[in-house]
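A short worksheet on the structure shown next.
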Amino acid sequence: MTFLEVRDLEVEFQVDKKPVTPIEGVSFELNEKEVLGIVGETGSGKSLTAHAILGLSTLVGGKIRGSVKFEERELLSISEKEMQSIRGAQIAFIPQNPMTSLDPVYRVGDQIVEGLTQHTKIGKHKARQQVLDLMERLRIPKADRVFQQYPHQLSGGLKQRIVIAMGLCTNPRLLIADEPTTALDVTVQAQIMRLFGEMVADRGIGLFLITHDLGVIAQVCDKVAVMYAGNMVEFGKIEPVFNAPSHPYTKALLDCIPYIGMKKGSLSAIYGNVPTGGNYPSGCRYHPRCPHSFSPCETRVPALIQIEGGTRVACHLYQGKKDG
Numbered sequence: 002m003t004f005l006e007v008r009d010l011e012v013e014f015q016v017d018k019k020p021v022t023p024i025e026g027v028s029f030e031l032n033e034k035e036v037l038g039i040v041g042e043t044g045s046g047k048s049l050t051a052h053a054i055l056g057l058s059t060l061v062g063g064k065i066r067g068s069v070k071f072e073e074r075e076l077l078s079i080s081e082k083e084m085q086s087i088r089g090a091q092i093a094f095i096p097q098n099p100m101t102s103l104d105p106v107y108r109v110g111d112q113i114v115e116g117l118t119q120h121t122k123i124g125k126h127k128a129r130q131q132v133l134d135l136m137e138r139l140r141i142p143k144a145d146r147v148f149q150q151y152p153h154q155l156s157g158g159l160k161q162r163i164v165i166a167m168g169l170c171t172n173p174r175l176l177i178a179d180e181p182t183t184a185l186d187v188t189v190q191a192q193i194m195r196l197f198g199e200m201v202a203d204r205g206i207g208l209f210l211i212t213h214d215l216g217v218i219a220q221v222c223d224k225v226a227v228m229y230a231g232n233m234v235e236f237g238k239i240e241p242v243f244n245a246p247s248h249p250y251t252k253a254l255l256d257c258i259p260y261i262g263m264k265k266g267s268l269s270a271i272y273g274n275v276p277t278g279g280n281y282p283s284g285c286r287y288h289p290r291c292p293h294s295f296s297p298c299e300t301r302v303p304a305l306i307q308i309e310g311g312t313r314v315a316c317h318l319y320q321g322k323k324d325g
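Heads up, the sequence shown is in this note's numbering, so the first residue is 2 and it goes up one at a time.
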């Protein structure tokens, strides 16, 4: 069952009294018991896409267009009050920076309990026990003691796990996780990703995973969306996208991954930088960096079309080769 469907998502901000669209033409679906990974360089629009799905962009002056349907309910047409009842309860968000997500004068355990009691009818005593159980599942050592501590008393990795606990405590239907394992060592990363996998399999949730780590994407995701400069350039099942990438940018990203046995000095890099909002080139936003660029790329925006094998790609190399 498709319970998150995004169509032609666009986000607009006013910058120096001029409209800038850092997100444009984003479309994808996420099903129950499915993990979607979203990948791209810094500045590609991954986090902003998540904020738009949650309706957070409008809170900072942005305009959101297109369609975001969650369990067949159009989220872009409901009030902020209705959206507040969905955020944290049905759709949970694990932010990238735990330092900005935790109240410095409030014990971390109480912060998790508050989120749980706010969105459920569970009493504080039962909520506290559930939170302690969750903290132990997240491999937080001496959970009783950590529960009573303040954010400044915890390491970066522990703070990250507390924020993850805040996202998981309400048993959401959809979990949006923005770089959830960045501050964690490799063994803890594996434990957290295993816990996410258990929640997907056992509770039927959908996981929307934002990460720079292509290895994590390959290991845990069913589908992958590749973003560049606010555009979705490729979307499909993990195996065909990783084994036979269609978009030149996807191929360039995968070529940057080091592997055992590679020759010294053979590591690839992508020339140039991701353009920033207000400085996007005309046509395909990737064309100034693309080794396959030709004249249509400079003037025409490629549509996201489905090609043979079911993958969707936004590239002029495939225009006219639409599947079906």
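Yeah, the Cβ is synthetic: ideal placement off N, Cα and C, and Gly gets one too.
Taking each of Val-109, Gln-15, Lys-125 and Arg-8 in turn and checking the Cα distance to Lys-70, the smallest one comes out for Arg-8.
Checking the DSSP bridge columns, you'll see Ile-65 partnered with Val-12.
A straight-line Cα-Cα distance of about 7 Å links Gly-198 and Val-221. Tyr-107 counts as exposed, since fewer than 16 other beta carbons sit within 10 angstroms of its beta carbon. If you draw a straight line from the Cα of Phe-209 to the Cα of Glu-180, it is about 11 Å long. Contact between Val-227 and His-248 holds: their C-beta atoms lie close to 7 Å from each other, under 8 Å. The DSSP-derived three-state label of Arg-162 is helix. In the DSSP assignment, Met-194 falls within the alpha helix (DSSP H) that extends over 187-204.
Ser-45 counts as buried, since no fewer than 16 other beta carbons sit within 10 angstroms of its beta carbon. At a Cβ-Cβ threshold of 8 Å, Ala-166 and Leu-135 count as neighbours. Per DSSP, Asn-244 is one residue of the alpha helix (DSSP H) stretching across 239-244. Shown here, Leu-139 sits in coil according to DSSP, grouped into three states, outside any helix or strand. Within the model, the alpha-carbon separation for Pro-99 versus Lys-18 is close to 32 Å. Annotation: Ala-128 to Lys-47 spans about 33 Å, alpha carbon to alpha carbon. If you look at Val-147, you'll find it isn't in any beta strand (DSSP E); it sits in the alpha helix (DSSP H) that goes 144-148. By a beta-carbon distance limit of 8 Å, Pro-23 does not contact Leu-60. Their separation comes to about 16 Å. Runs of the alpha helix (DSSP H) spanning 4 or more residues and lying entirely within the region 68-118 occur at 81-87, in chain order. Short of 6 Å from the beta carbon of Ile-113, and not among the five residues preceding or following it, lie these beta carbons of its own chain, in chain order: Val-132, Ala-166, Met-167 and Cys-170. Using a Cβ distance threshold of 8 Å, His-317 and Pro-292 do not count as a contacting pair.
One alpha carbon belongs to Val-302, the other to Val-36, and they sit about 29 Å apart. By the Cβ neighbour-count rule, Ser-86 is exposed, with fewer than 16 other Cβ atoms within 10 Å of its own. For Cys-257, the CB contacts under 6 Å within the same chain, skipping 5 residues up- and downstream, are Ser-269 in chain order. Excluding sequence positions up to five before and after Arg-204, its CB lies within less than 8 Å of the CB of Asn-172, all in the same chain and listed in chain order. DSSP places Gly-38 in the uninterrupted beta strand (DSSP E) bounded by 36-40. Here Leu-155 carries a coil assignment [DSSP, helix/strand/coil].
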